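One structure is given here, and the rest of the page talks about it.
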Amino acid sequence: MSRIKRLLIAAMLLSPSALWAGPQDDLPWIFTACAGRYSAEIEHAWILGGSETTQYENQKQAFVTLAEATAPDPGSPELLNHRIEAKYAQARLLTLATFQTDPKRARLAQRMASTHINACKMLLLGG
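The sequence shown lines up with residues 5 to 131 when you count with the numbering used here.
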């Protein structure tokens, strides 16, 4: 691994995110999950006419790049499945937050969706 990659990974690991503290082998899984979650955010913003679509696309691409740089086999079916599952989970939370008729459940879904995406944001420099 190049020195720059090691420095970037070290900087990300020193971020204030306490949600993910694990061995370096976990990094591809974490980055892949974030790429999936941002895919859901992109679709949700697009459907609702949000202006954040371009920003989400850039953040998703950053996580795809990080996952590819850290995974021993970036194209593995397991990583792809993990990304799809994370996308589905985020999409479900966003759907509940937007269309749930029970305000309490809608707020809970919004908080959970925000918690997940904010944890991803904290992994990016300048996020």
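For glycine and all other residues, C-beta sits at the position ideal for the given N, C-alpha and C. If you're wondering where the values come from, they're calculated on a predicted model, not measured in any experiment.
Rounded distance between the beta-carbons of residue j and residue i, thought under 8 Å
i, j, result
"A113", "A101", "4 Å"
"F35", "L84", "That belief does not hold up - the Cβ atoms of F35 and L84 are roughly 13 Å apart, past 8 Å."
"L98", "H48", "4 Å"
Contact set for residue i: own chain, Cβ-Cβ below 8 Å, skip 5 residues either direction
i, result
"L52", "T102"
"A117", "Q94, L97, L98, A101"
"D77", "L83"
Beta-carbon proximity check, residue i vs residue j, cutoff 9 Å
i, j, result
"A39", "R87", "yes"
"A90", "A44", "yes"
"Y92", "K64", "no"
Inter-residue Cα distance where the pair is residue i and residue j
i, j, result
"Q59", "G130", "13 Å"
"M126", "P107", "28 Å"
"D30", "H120", "16 Å"
"G79", "A66", "16 Å"
"T105", "P81", "37 Å"
"G54", "A37", "22 Å"
Chain-order list of residues whose beta-carbon lies under 7 Å from that of residue i (same chain, five-residue window excluded)
i, result
"A75", "P32, L83"
"E56", "A49"
"E61", "I46"
"V68", "A39"
"R115", "none"
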